[in-house]
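A.B. asks: Sharing a structure below in structure tokens format, with a few things to ask.
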Amino acid sequence: MEVTINYNGQLVTVEVTEEVYAFLDYAEHKEENLAHEQRRHWDGREFDEYIVQKEGRIRFVQSPEQELCQKETMRVILRALENCTESRRRRFLLYALDGMSYTQIGNLCGCSKVAVHYSIEAVRKKCKEYLNDYLNDLRFSG
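What follows is the structure in structure tokens.
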């Protein structure tokens with residue numbers, strides 16, 4: 032089988048065995064999946080911890096403080112979601128919780144994947160604003 036690789040900035044086509052081709056294909060899909068997860072990652076944990084938990088190598092255990100902070104963050108996010116339009120909220124939740132792609136959401140909602148992207152980004156922006164406002168309120172009231 033032939034594969035094309037980037038070698039010192041130039042595309043080179045080489046002949047490889049089926050095993051090597053399967054491994055390269057698997058690695059490419061794994062890299063795409065991790066990139067997708069990183070784009071989707073929006074909770075409070077570090078991305079590395081998320082990978083470890085997702086891969087199941089080490090069990091992620093939160094301290095009581097982390098759990099309380101995560102619950103408080105979720106409360107603020109839910110408050111932000113209440114102030115979004117129904118279509119934006121639905122698209123965001125399908126993406127963030129159900130793991131659907133922009134294309135799948137677009138097909139389900141009857142819109143383009145660009146519209147889905149803008150909806151998701153608008154909700155993310157609103158969540159960030161609410162979190163920033165919440166943190167500023169804490170800083171100046173405490």
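Everything in the sequence shown is counted per this note's numbering, starting at 32 for the first residue and increasing by one. Cβ atoms here follow ideal geometry from the backbone N, Cα and C, with glycine treated the same way.
#1: Going by the beta-carbon positions, is the gap between Y161 and R110 smaller than 8 Å?
#2: Hey, I108 and L125 are a contact pair by Cβ (cut 8 Å); roughly how many whole angstroms apart?
#3: Please classify K156: is it buried, with 16 or more other beta-carbons within 10 angstroms of its beta-carbon, or exposed?
#4: For N39, does the three-state DSSP call read helix, strand or coil?
#5: Confirm, please, whether the CB-CB distance from T35 to L42 is below 8 Å.
#6: Ignoring anything shorter than 4 residues, give me the alpha helix (DSSP H) runs that lie fully in the stretch 107-144, in order along the chain.
#7: Any idea if V154 is buried or exposed, counting beta-carbon neighbours within 10 angstroms, 16 or more meaning buried?
C.D. replies: Let's see:
#1: Closer than 8 Å, so yes.
#2: I108 to L125, Cβ: 16 Å. No contact.
#3: Its Cβ having fewer than 16 others within 10 Å, K156 is exposed.
#4: In the three-state reduction of the DSSP assignment, N39 falls in the coil class.
#5: Their beta carbons are under 8 Å apart, which means L42 touches T35 by this criterion.
#6: Counting whole runs of 4 or more residues, the stretch 107-144 contains the alpha helix (DSSP H) stretches 117-127, 133-140.
#7: The residue is buried, with at least 16 neighbouring Cβ atoms inside 10 Å.
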